[in-house]
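J.: Read top to bottom, the protein sequences are chains E and Z.
1 is the number of the first residue of the first sequence in my numbering; add one for each residue after it.
286 is the number of the first residue of the second sequence in my numbering; add one for each residue after it.
Glycine is no exception: its CB is placed at the ideal position from the N, C-alpha and C atoms.
No experiment lies behind these values; they were computed from the predicted model shown.
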Amino acid sequence: MRVTVRAFLAALLVVAAGVPHARVQDPTAPRPDAVRFAVIGDNGTGDRYEYEVAQQMIALHRRSPFDMVLMLGDNIYGRQDPRNFVQKFVEPYRPLLDAGVRFYASLGNHDDQRNRLYGPFNMGGERYYTFARQNVRFFVLDSDYLDAKQVAWIDEALANAREDWKICYFHHPLYSDGRRHGSQVDLRVVLEPLFIKHGVNVVFSGHDHIYERLKPQRGIHYFICGASGQLRKGDLRRSEMTAAAFDEDQSFMLVEVAGADLFFRAISRTGRIVDSGVVHKEPRP
Amino acid sequence: MTRAFRFAANHYLALPVGALAALAWANSRPESYFTFAHRLSFAVNDIAMVFFFALVTEEIIEATVPGGALHTWRRAALPVVGAVGGILGSAIVYLAYLRTGDESSVLGRGWPIPTATDIAFGYFIARSICGRHPAIPFFLLMGIAGDALGVVIVELLYPIASGHTVAGTLLLAAAIGLAIAFRRYRVRNVWSYVVICGALSWWGLFLSGLHPALALVPIMPFLTHARRERQLFADVPLRARDGLSQFDRTWKYPVQVVLLLFALVNAGVVIRGFGTGTWAVAIAALAGKPLGVLAAVALAVASGLHLPHRVGWRELVVIAFTSSVGFTFALFFATAAIPLGPILVEAKLGALLTVCGAGTAMAAAAALRVGRFAR
């Protein structure tokens, strides 16, 4: 009888192990084989707000590791000597850097153009560059100076990309409901036709010191994540483009690309999830 | 109607009209405006503007050859010193202003923008204040010298592309060689110079990475020219048959359309695009440049050069402030020095703000009782 009960319990365990996990899993738990990364913009103030956002990123990384961080520009404000790099970049993100998380920077208007040579920014000495992780290719642009050479480069790089996902990021937003700066339409009329032609899925930008998710514009999902250090409280002017937004506190994003889905979360300085959702990649026509 | 206002009506209304239309359009329908501006920018800035710069060159040649208003070059020594002072003054103030913030890396390349002088606009202002005073040729020579230096600086510092310098130089040499041959064999047909030499020169500059809008600048000196006395910006005689006169008559009005298009394509900026670059350009032009001009002229006079007859320090102050209006040339320098993007927008707004130099010049004239304010 004891053996029968033991055998029954063992069989129950085996069956239970085979049942798929319930859907109510920890939302921060990583999905296997996903490309996970954080996104920060306009972060390099060196003040306590930058450090507090960084603490949230570090806590999140402990629970569910990500292996890279996209930097949307204005990575270092003010003086840009080695001491400032320590105070405004190395110190706040030290646990992430020590854990092997790689930062991939784009340049903003407050960044010294020579910062592309700074090793931990992983720019390879270039103002614009591309890199890939699994089925995701990232394109990093320098929106300070959109010269003809860079436009030709992005056209060719996008055309040559074979990955399922094409994600672009740069400092100045093509669409924005930020009151101070707003949409950079002069850049949009040049870049957007290329993004549409080559099937770019998602674009991240900063510059306006808010978080905003825009309704898809011509099939492309645009995010503004420009408050990871700086903040312009109450700067948002909602419009019919606004899908979700947050301008009450500093924020950053955590993104996970798994198969045909891109899961995103915007997280405030205090750890509150202020926006979340999924971008489902439509098959190409 | 005074001569200055007739000049403005005949030569200069296209620009402010185009600029105002562009500003209104860019701030009300930005998507359609920037699409339009982007599509037309190459045709206008790199091709059509060839004829504007050719006409400016023609005016300068007419004025500096024997019999011209600005002949001889000995008269130019002090204005050239003033021009150099203006460039240094505006550049120093521009870069010093940037050092107060953290955007000098991206904005630093814009330092030639406030060095620009809008010669035609300035001429209109100076004539409105001073009438036919000898300060006018002084202003014109200073503006011409400053802009010529500015063009050289922009071209050398910020070539458009690189890689075909040898082929470009050869084409440019061929264009100039052909123009010399045309002149030697007394070819009077101006179209031979414009179409054949101009096209070769355009390709040469384009391949060299220099601004192709300057294509006719090295060709114009070889057009045939009749000796005559002519003031700057004055109409050419109707009976004149020489190459320069033909060119002036043919292109004077089409160039107004070109300037209208130039302003339409380049002056449209979203007003809230202002930033550090806007104030840097405006302050450098409106304060740094006049100070630089006056300091350089003072040094030159202290070193032994003489002020022109009937030109005193009060007139010089007014002329120095007048030279701070960069407008057309500042917009051109901005588009040549800074690629598309928000940094360019900031700089363009600063270039537009330099029209305030007209106000400061008027205020200086009123305070110092110069010209029309003397009565």
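Should phenylalanine 319 of chain Z be flagged as near chain E, meaning a C-beta pair shorter than 8 Å?
T.: By one-based count along the second sequence, residue 319 of chain Z stands at place 34. Output row for phenylalanine 319 of chain Z: interface = yes.
J.: Quick check: the Cα distance between glutamine 230 of chain E and isoleucine 76 of chain E, rounded to an integer number of angstroms?
T.: Residue numbering aside, residue 230 of chain E sits at position 230 when the first sequence is read from its first letter. Residue numbering aside, residue 76 of chain E sits at position 76 when the first sequence is read from its first letter. Using only the alpha carbons, I get a separation of about 11 Å.
J.: Counting only Cβ-Cβ distances shorter than 9 Å, please list the residues of the stretch 134-157 of chain E near chain Z, keeping chain order.
T.: Asp142, Ser143, Asp144, Tyr145, Leu146, Asp147, Ala148, Lys149, Gln150 and Val151
J.: Chain Z partners of glutamate 129 of chain E, CB-CB under 7 Å?
T.: Locating residue 129 of chain E in the first sequence gives position 129, where the first residue counts as 1. Looking at the sequence provided, one finds tyrosine at residue 129 of chain E rather than glutamate. Those do not exist, as tyrosine 129 of chain E stays about 17 Å from chain Z at its closest Cβ, beyond 7 Å.
J.: Can you pull the chain Z residues whose beta carbon is under 9 Å from the beta carbon of tyrosine 222 of chain E, in chain order?
T.: Taking the first sequence and counting its residues from 1, one reaches residue 222 of chain E at position 222. Neighbours of tyrosine 222 of chain E on chain Z: none; closest Cβ ~15 Å, over 9 Å.
J.: Do we get a CB-CB distance below 8 Å when we pair alanine 652 of chain Z with the residues of chain E?
T.: If you number the second sequence from 1, residue 652 of chain Z lands on position 367. No - not a single Cβ of chain E is within 8 Å of the one on alanine 652 of chain Z.
J.: Counting only runs that start and end within the stretch 549-625 of chain Z, where is the alpha helix (DSSP H) found for 4 or more residues in a row?
T.: As far as the stretch 549-625 of chain Z is concerned, its whole alpha helix (DSSP H) runs of at least 4 residues are 561-568, 574-587, 598-607 and 612-622.
J.: Assuming arginine 238 of chain Z is part of the beta strand (DSSP E), what are its boundary residues?
T.: Because residue 238 of chain Z is not part of the residues shown, which for chain Z are 286 to 660, the question remains open.
J.: According to DSSP, is isoleucine 332 of chain Z helix, strand or coil?
T.: Looking up residue 332 of chain Z in the second sequence gives position 47. Residue state for isoleucine 332 of chain Z is assigned as helix, using DSSP reduced to three classes.
J.: Does any residue of chain E bring its CB to less than 8 Å from the CB of glycine 573 of chain Z?
T.: Here the question's residue 573 of chain Z lines up with position 288 in the second sequence. Taking Cβ atoms only, chain E never reaches closer than 8 Å to glycine 573 of chain Z, which makes this a no.
J.: Taking alanine 570 of chain Z and glycine 642 of chain Z to be in contact with their CB atoms under 8 Å, please state how far apart those CB atoms are, rounded to whole angstroms.
T.: As a working note, residue 570 of chain Z is residue 285 in the second sequence. As a working note, residue 642 of chain Z is residue 357 in the second sequence. Right, their Cβ atoms sit about 7 Å apart.
J.: Expressed to the nearest angstrom, what Euclidean distance is found between the alpha-carbon atoms of valine 24 of chain E and glutamine 217 of chain E?
T.: As a position in the first sequence, residue 24 of chain E is number 24, starting the count at 1. As a position in the first sequence, residue 217 of chain E is number 217, starting the count at 1. Residue placement at valine 24 of chain E is flagged as unreliable, the pLDDT there being 38, under the threshold of 50; the coordinate-derived value follows with that caveat. Distance between the alpha carbons of valine 24 of chain E and glutamine 217 of chain E is about 32 Å.
J.: Using three-state DSSP, classify valine 3 of chain E as helix, strand or coil.
T.: One-based indexing of the first sequence puts residue 3 of chain E at position 3. Confidence at valine 3 of chain E is low in this model, with a pLDDT of 45, below 50, so its placement is unreliable and the value that follows should be read with caution. Valine 3 of chain E falls in the helix class under three-state DSSP.
J.: In chain order, what residues of the same chain have a beta carbon less than 7 Å from the beta carbon of valine 582 of chain Z, not counting five sequence neighbours either side?
T.: Here residue 582 of chain Z refers to the residue found at position 297 of the second sequence. Closer than 7 Å at the Cβ level, and outside the excluded window around valine 582 of chain Z, lie Leu363, Val366, Gly367, Gly370 and Leu601.
J.: What is the DSSP secondary structure of alanine 161 of chain E, counted as helix, strand or coil?
T.: Working through the first sequence from its first residue, we reach residue 161 of chain E at position 161. Here alanine 161 of chain E sits in coil by DSSP.
J.: Determine the DSSP secondary structure at glutamate 265 of chain E, reduced to helix, strand or coil.
T.: As a position in the first sequence, residue 265 of chain E is number 265, starting the count at 1. What sits at residue 265 of chain E in the sequence shown is arginine, not glutamate. Arginine 265 of chain E carries a strand assignment under DSSP once its states are collapsed to helix, strand and coil.
J.: If we count the other Cβ atoms within 10 Å of its Cβ and call it buried at 16 or more, is glycine 562 of chain Z buried or exposed?
T.: The residue given as residue 562 of chain Z occupies position 277 in the second sequence. Looking at its Cβ environment, which holds 16 or more other Cβ atoms inside 10 Å, glycine 562 of chain Z is buried.
J.: Could you check the C-alpha separation between alanine 621 of chain Z and tyrosine 443 of chain Z for me, to the nearest Å?
T.: The sequence position of residue 621 of chain Z within the second sequence is 336, counting from 1. The sequence position of residue 443 of chain Z within the second sequence is 158, counting from 1. Using only the alpha carbons, I get a separation of about 7 Å.
J.: Do the stretch 528-538 of chain Z and the stretch 327-347 of chain Z make contact, defined as three or more Cβ pairs closer than 8 Å?
T.: yes
J.: From the beta carbon of glycine 226 of chain E, is the nearest beta carbon of chain Z less than 8 Å away?
T.: Along the first sequence, read from residue 1 onward, the residue named residue 226 of chain E stands at position 226. At a cut-off of 8 Å between beta-carbon atoms, glycine 226 of chain E makes no contact with chain Z.
J.: Might you give, ordered along the chain, the residues of its own chain that have their beta carbon closer than 7 Å to the beta carbon of alanine 498 of chain Z, omitting 5 neighbours on each side?
T.: Residue 498 of chain Z sits at position 213 when you count from the first residue of the second sequence. Same-chain partners within the cutoff: Asn330, Asp331, Met334, Val335 and Phe338.
J.: Please name the residue in Z:Ala650, Z:Phe617 and Z:Leu653 whose C-alpha comes closest to that of glycine 435 of chain Z.
T.: Locating residue 435 of chain Z in the second sequence gives position 150, counting from the first residue. The residue from Z:Ala650, Z:Phe617 and Z:Leu653 with its alpha-carbon nearest to that of glycine 435 of chain Z is Z:Phe617.
J.: What number of angstroms, rounded off, separates the C-alpha of lysine 88 of chain E from the C-alpha of glycine 386 of chain Z?
T.: Residue mapping note: residue 88 of chain E aligns to position 88 of the first sequence, counting from 1. Residue mapping note: residue 386 of chain Z aligns to position 101 of the second sequence, counting from 1. In this model, lysine 88 of chain E and glycine 386 of chain Z are separated by some 17 Å (Cα to Cα).
J.: So, helix, strand or coil for lysine 233 of chain E, using DSSP?
T.: By one-based count along the first sequence, residue 233 of chain E stands at place 233. Coil at lysine 233 of chain E, not helix or strand.
J.: Is the Cβ-Cβ distance between glycine 573 of chain Z and glycine 393 of chain Z less than 8 Å?
T.: Indexing the second sequence from 1 puts residue 573 of chain Z at position 288. Indexing the second sequence from 1 puts residue 393 of chain Z at position 108. Not in contact: glycine 573 of chain Z and glycine 393 of chain Z (Cβ atoms no closer than 8 Å).
J.: Can you confirm whether valine 440 of chain Z, when its beta carbon is compared against all beta carbons of chain E, has any partner nearer than 8 Å?
T.: Reading the second sequence from its first residue, position 155 is the one you call residue 440 of chain Z. The residue you asked about is not valine; residue 440 of chain Z is glutamate in the sequence shown. Closer than 8 Å: no.
J.: Excluding five sequence neighbours on each side, which residues of the same chain lie with their C-beta closer than 6 Å to the C-beta of leucine 117 of chain E?
T.: The residue given as residue 117 of chain E occupies position 117 in the first sequence. Cβ within range, chain order: Gly125.
J.: Per DSSP, what are the beta-bridge partners of isoleucine 445 of chain Z in this structure?
T.: Here residue 445 of chain Z refers to the residue found at position 160 when the second sequence is read from its first residue. According to DSSP, isoleucine 445 of chain Z bridges with nothing at all.
J.: So, with DSSP's three-state summary, where would you put histidine 280 of chain E?
T.: On the first sequence, position 280 is the one that residue 280 of chain E refers to. Note: histidine 280 of chain E maps to strand in three-state DSSP.
J.: Using a 10 Å radius around the Cβ and a threshold of 16 neighbouring Cβ atoms, would you call asparagine 551 of chain Z buried or exposed?
T.: Working through the second sequence from its first residue, we reach residue 551 of chain Z at position 266. Answer is buried; the Cβ neighbour count reaches 16.
J.: Which residues, taken in chain order from the stretch 557-573 of chain Z, show a beta carbon closer than 7 Å to some beta carbon of chain E?
T.: Within the stretch 557-573 of chain Z, contact with chain E at the beta-carbon level (separation under 7 Å) is assigned to Arg557.
J.: Taking Cβ-Cβ distances shorter than 8 Å, what residues in chain Z pair up with leucine 187 of chain E?
T.: Within the first sequence, the letter at position 187 stands for residue 187 of chain E. The contacting residues are Leu625, Gly626 and Pro627.
J.: If we count Cβ pairs, one from each stretch, closer than 8 Å, do we get three or more for the stretch 237-257 of chain E versus the stretch 184-194 of chain E?
T.: No contact exists between the stretch 237-257 of chain E and the stretch 184-194 of chain E.
J.: Taking 8 Å as the threshold (beta carbon to beta carbon), is glycine 182 of chain E in contact with chain B?
T.: As a matter of chain content, chain B is missing from the structure shown, whose protein chains are E and Z.
J.: Per DSSP, what kind of secondary structure is threonine 130 of chain E in: helix, strand or coil?
T.: The count along the first sequence starts at 1 and reaches residue 130 of chain E at position 130. Three-state DSSP puts threonine 130 of chain E in a strand.
J.: Near isoleucine 267 of chain E, which residues of its chain fall below 8 Å by C-beta distance, leaving aside the five closest residues on each side in sequence?
T.: By one-based count along the first sequence, residue 267 of chain E stands at place 267. Closer than 8 Å at the Cβ level, and outside the excluded window around isoleucine 267 of chain E, lie Gln56, Leu60, Ser251, Phe252, Met253, Leu254, Ile273 and Val274.
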